[in-house]
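Residue numbers (the numbering used here): 12 to 53.
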């Protein structure tokens, strides 16, 4: 996972994270960016 793709993902979703579980879902080891079409070429 590219670090810039991860940062972009977190910045787009952090406002929706209103619980500890949702914040934990944004941690790098919990984010499946490849499944969302992120990664190479971003």
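Idealized CB from N, CA, C, for every residue including glycine. Note that this is a predicted model, so its numbers are computed, not measured.
Beta-carbon proximity check, residue i vs residue j, cutoff 8 Å
i: residue 35; j: residue 41; result: yes
Three-state class that DSSP yields for residue i in the structure shown
i: residue 35; result: helix
i: residue 13; result: coil
i: residue 21; result: helix
i: residue 26; result: helix
i: residue 42; result: coil
Cα-Cα separation between residue i and residue j, rounded to whole angstroms
i: residue 30; j: residue 37; result: 11 Å
i: residue 22; j: residue 28; result: 11 Å
i: residue 14; j: residue 26; result: 19 Å
i: residue 43; j: residue 17; result: 10 Å
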